[in-house]
Amino acid sequence: MTTDLSGLAALIERQWHRFGRETPADGLLLNRAETPSGPIRSVYRPSFCVVAQGAKTTLLGETGFRYAAGQALFASLDLAVTARITEASPARPYLALSLAIDLDALADLLSAQAETLAEGAAPAPTFAPLRTVTLDPDLCDPLARLLTLLDHPRDLPVLAPLIGREIVWRLLGGPLGPALRQVGLPESHAARIGRATAWIREHYAETLRVSDLAALARMSPASFHRHFKAVTTMTPVQFQKQVRLHEARRLLLAAGDVAGVGYAIGYESPSQFSRDYRRLFGAPPGRDGAAIRARLTAEPTLP
Numbered sequence: 088m089t090t091d092l093s094g095l096a097a098l099i100e101r102q103w104h105r106f107g108r109e110t111p112a113d114g115l116l117l118n119r120a121e122t123p124s125g126p127i128r129s130v131y132r133p134s135f136c137v138v139a140q141g142a143k144t145t146l147l148g149e150t151g152f153r154y155a156a157g158q159a160l161f162a163s164l165d166l167a168v169t170a171r172i173t174e175a176s177p178a179r180p181y182l183a184l185s186l187a188i189d190l191d192a193l194a195d196l197l198s199a200q201a202e203t204l205a206e207g208a209a210p211a212p213t214f215a216p217l218r219t220v221t222l223d224p225d226l227c228d229p230l231a232r233l234l235t236l237l238d239h240p241r242d243l244p245v246l247a248p249l250i251g252r253e254i255v256w257r258l259l260g261g262p263l264g265p266a267l268r269q270v271g272l273p274e275s276h277a278a279r280i281g282r283a284t285a286w287i288r289e290h291y292a293e294t295l296r297v298s299d300l301a302a303l304a305r306m307s308p309a310s311f312h313r314h315f316k317a318v319t320t321m322t323p324v325q326f327q328k329q330v331r332l333h334e335a336r337r338l339l340l341a342a343g344d345v346a347g348v349g350y351a352i353g354y355e356s357p358s359q360f361s362r363d364y365r366r367l368f369g370a371p372p373g374r375d376g377a378a379i380r381a382r383l384t385a386e387p388t389l390p
C-alpha cells in the first residue's frame with residue numbers, strides 16, 4: 088500500500104465516521120472538526136500526532152507549537168496542555184490522528200538494534216517535551232495500513248502491534264530519533280521524569296508524595312521538583328490536579344453523580360472539586376458534563 092497525505096486524510100475521515108475519537112486499535116485516536124475551536128485542555132500521553140488536513144496549535148505553559156497538514160507533534164511524556172484547532176471548515180475539516188508511543192517496543196528496539204541506530208546518529212538535542220517535525224513520507228504507508236486494519240477486527244490484535252513497532256522504528260531513523268532515544272533510555276532525565284508523570288496518570292486518585300516520586304525517578308527531592316517543573320511547567324501536585332480533573336470530565340460522560348465522580352478521582356470535598364473543575368473548564372461539572380453529552384448525542388455517526 089502506497090499512500091500520500093490526501094489518502095491518509097481520506098482514511099481518517101472514513102474511520103472517524105465509523106468510530107469517532109476512540110478506535111479499537113490500542114493507543115490510536117482520531118480527530119475531526121469543521122470549525123476552529125476554543126481552548127481544548129487535555130493531558131497528552133507519550134504520542135505522535137499527525138495532521139493530515141487543517142492546523143492546530145498546542146500550548147505547553149506559555150510556549151506554542153503550531154503544526155499543519157503534513158506536520159506532526161511528538162509528546163515525549165505525559166503533559167497537561169491547552170490546544171486550539173486553528174484551521175478547519177466544513178469543506179476542508181481538520182483531520183488528524185494520534186498514536187501512543189509503545190515504550191516497550193521503543194526500549195526493545197534501542198536494545199536490539201543499538202549498533203544499527205548508533206551509525207551516523209545525530210547527537211542528543213537539548214531535551215524538549217514537545218517537538219514539531221515535517222512528516223516523513225515513508226510514515227504515511229504504515230499509518231495508512233494501521234487505519235485500514237480497523238476494517239479487519241480479527242487481524243487487529245495481531246497486526247496492530249507489528250505496525251506500531253514499524254512506526255517506532257521509522258521514527259527512530261528520522262529527525263525525531265535523538266529525542267526518542269532520550270525517552271527510551273531508562274536513566275535519561277526524560278525517562279526519569281516520564282516515569283513520574285506516568286505514575287501520576289495511572290494513580291491519580293492516590294495521595295501524592297513528592298519524596299516517593301523522587302525515589303521513582305532516582306533523584307533527590309529538590310532535583311526532582313526542579314526538573315519536573317522545568318519539563319511540565321507545573322509542580323507534581325498541579326499536574327496531578329490536571330490529571331484528576333480530566334479524568335473527572337471523562338467519567339461525567341457516563342454518570343451525572345458529580346459528588347461520586349469527585350470522590351472517585353481523589354477529592355474529599357465535593358465543593359472543592361466543583362470549584363477546581365469550574366476553574367479549569369469554565370463551567371461546573373454537572374452542567375459541563377450534560378453539555379458534552381448533548382453535543383455528542385447530536386453529532387452524526389455516519390458520513
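Count along the sequence shown from 1, then add 87; that gives the number in the working numbering. We treat Cβ as the ideally placed atom computed from N, Cα and C, and that holds for glycine.
Proximity of the region 258-273 to the region 122-132 falls short of the contact definition, fewer than three beta-carbon pairs being nearer than 8 Å. Assignment of ALA341 by DSSP, reduced to helix, strand and coil, places it in the coil class. For ILE254, the enclosing alpha helix (DSSP H) stretches over residues 243-259. Counting only the Cα atoms, ASP195 lies some 46 Å from ARG374. In the DSSP annotation of this structure, the continuous segment of the alpha helix (DSSP H) that includes GLU289 starts and ends at 276-289. Here DSSP, grouped into helix, strand and coil, assigns TYR364 to helix. DSSP, read as helix, strand or coil, puts ARG171 in strand. Going by beta carbons, LEU117 and GLN140 fall outside the 8 Å limit. A straight line joining the alpha-carbon of ARG119 with that of ARG282 spans about 31 Å. In this structure, DSSP gives ILE99 a helical state, which the three-state scheme calls helix. Residue pairing by DSSP places GLN140 opposite LEU182 in a beta bridge. If you draw a straight line from the Cα of GLU355 to the Cα of GLU293, it is about 12 Å long. Secondary structure at ILE379: helix, using DSSP grouped into helix, strand and coil. Linking ILE188 to ARG252 through their CA atoms gives a straight-line distance of about 9 Å. TYR350 sits in a helix when the DSSP states are folded into three classes. When the five nearest sequence neighbours on each side are left out, the beta carbons in the same chain lying within less than 6 Å of the beta carbon of THR284 are those of LEU164, ASP165, in order along the chain. Here TYR154 is not near VAL168, since their CB atoms are 8 Å or more apart. Between the region 290-310 and the region 324-337, the count of C-beta pairs closer than 8 Å reaches three or more; the two stretches touch. With a beta-carbon spacing of about 6 Å, LEU160 and THR145 fall inside the 8 Å limit used to define contacts.
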